[in-house]
Structure formats: structure tokens, C-alpha cells
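In our numbering, the protein residues as written are 28 to 236. Quick reminder that beta carbons are idealized off the backbone N, C-alpha and C, glycines included.
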Ligand code: 4NP
């Protein structure tokens with residue numbers, strides 16, 4: 028009399044346990060998928076906040092330091108596998124339409140950087156809207172850029188972040204890339220040395236995130 032009841036109870040209990048295992052496995056799978064989703068999402072968000080998609084290098088004339096920095100930056104980003112739009116401009120208007128200074132071209136070429144095709148231009152309001160990051164070669168360039176940015180009526184948060192080119196550099200951090208225009212060969216060499224070092228520091232900081 029009791030036997031069918033016991034058989035029924037055992038069968039039902041076994042079914043429940045099987046169901047529980049199936050549910051647990053489904054829950055585990057869902058948890059795993061959510062975990063993978065959050066890891067990928069987190070990584071993508073970090074990439075977005077870390078590596079800028081566009082960088083503008085700025086000096087005074089756009090014929091010595093910033094065109095050199097443009098090519099150095101472009102090459103280093105390519106080597107690092109970072110896809111970044113790179114351009115350069117000057118705060119001044121004297122050299123608009125000119126090729127880089129002959130001395131800058133010569134010294135850059137000796138280090139493997141061809142800048143002879145670049146053409147100088149002046150910074151404009153749209154640069155603050157179109158670039159993620161604008162890097163100034165020296166403190167005066169940075170102050171001039173900040174003043175230009177302050178004069179634009181757009182939301183300041185939506186515009187390019189400004190920084191000194193040497194900001195991330197453990198060797199030259201906080202220094203100007205000195206203006207070589209009235210200098211000699213050593214000054215142009217120093218420009219290349221500092222630019223290579225500071226560009227590498229930015230690239231490393233983005234690769235690390
Ligand atoms: P850059 O150098 O800012 O590195 O291009 C200069 C080029 C020209 C002048 C000043 C700095 N300039 O007075 O004409």
C-alpha cells in the first residue's frame with residue numbers, strides 16, 4: 028500500500044534534483060556570459076577613455092617642432108598598433124602654406140622622418156571640436172591654446188583636452204620643447220631627442236590602459 032507512494036516520491040524527488048541541476052547549469056552559463064560581456068565592455072570603455080582617436084601637435088610657427096612631432100608621433104603610433112589621426116598646426120600665422128623649415132627637414136630626415144610634404148597651417152576653432160587631444164610644444168603655446176579654447180562658446184567639456192607635449196615624459200616631464208628657430212644644429216637635434224622621448228611616453232601610457 029505504501030510502495031506506490033514511496034516510488035512516486037522518489038521519482039518526483041529525482042526529477043526535482045535533475046531540474047535543479049539543469050537550472051543551475053543554465054544559471055552558471057548565464058553568469059559566465061554576463062562576465063564575458065562585462066570584461067569586453069569594460070575593456071572597450073577603457074580603450075575609449077584612454078587612447079584618443081585624434082591628436083593635434085601645436086607649436087608657434089608649425090614649421091619646426093610640430094611638423095617633426097607629427098611625423099614622429101605618426102610613426103610611433105603605427106609601430107604600437109594604435110589607430111590615431113595625427114596632425115599639426117601653429118598658433119601663429121606667419122608660415123601658413125609653407126613647407127617645414129629646411130633645417131627641421133634635414134634633421135628629421137637624418138633620424139628617419141620625412142616631413143618635406145607637410146604644409147603649415149594655423150590652429151582654428153574647429154580643431155578644438157574635431158580633435159580629442161591637443162598637445163602644446165611649450166608653455167606659451169599651451170597658454171595661447173587655452174585662451175583660444177576659452178573664447179569658444181561650445182561646452183568646454185565637449186572640446187579637445189589640452190596638455191603640454193612633455194606631460195607624460197619621465198625624462199622631460201613639464202619641460203618645453205625649446206623653440207629652435209633662432210638656434211643652431213644642436214637645437215634641432217635636441218628637438219628630435221625630446222620629441223621622440225615625449226611621444227613615446229604618451230604612446231606607452233595609452234598602451235598600458
Ligand atoms: P616652431 O618654430 O614654432 O617650432 O615652428 C618657429 C618658427 C618660426 C617662428 C618662430 C618659431 N617665427 O617667428 O617665424
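Between the CA atoms of residue j and residue i - distance to the nearest angstrom
i, j, result
"residue 219", "residue 140", "10 Å"
"residue 65", "residue 124", "With a pLDDT of 42 at residue 65, under the threshold of 50, the predicted position of this residue should be treated as unreliable, though the coordinate-derived value follows. Going by the C-alpha atoms only, they are around 49 Å apart."
"residue 203", "residue 143", "24 Å"
"residue 162", "residue 78", "14 Å"
"residue 227", "residue 96", "11 Å"
"residue 201", "residue 213", "21 Å"
"residue 131", "residue 224", "17 Å"
"residue 135", "residue 179", "35 Å"
"residue 138", "residue 195", "22 Å"
"residue 108", "residue 80", "13 Å"
"residue 100", "residue 197", "17 Å"
"residue 216", "residue 236", "31 Å"
"residue 222", "residue 84", "11 Å"
"residue 157", "residue 110", "16 Å"
"residue 233", "residue 126", "31 Å"
"residue 187", "residue 206", "24 Å"
Residue of the options minimising C-alpha distance to residue i
i, options, result
"residue 155", "144, 205, 169", "169"
"residue 133", "119, 211, 84, 234", "211"
"residue 102", "234, 230, 236", "230"
"residue 98", "145, 108, 120, 110", "145"
"residue 128", "217, 183, 94", "94"
"residue 171", "157, 111, 152", "152"
Sub-9 Å separation of residue i and residue j beta-carbons
i, j, result
"residue 116", "residue 149", "yes"
"residue 86", "residue 165", "yes"
"residue 82", "residue 159", "yes"
"residue 147", "residue 122", "yes"
"residue 189", "residue 176", "yes"
"residue 199", "residue 88", "no"
Around the ligand 4NP, Cβ to any heavy atom closer than 7 Å, ordered along the chain: So the residues near the ligand 4NP by this Cβ test are 86, 87, 88, 89, 90, 91, 92, 93, 117, 119, 121, 122, 128, 164, 206, 207, 208.
Alpha helix (DSSP H) runs contained entirely in the stretch 98-145, provided each spans 4 or more residues: The qualifying runs are 129-137.
Every unbroken alpha helix (DSSP H) inside the stretch 164-207 [4 residues or more]: If you keep only unbroken alpha helix (DSSP H) runs of at least 4 residues inside the stretch 164-207, you get 166-177.
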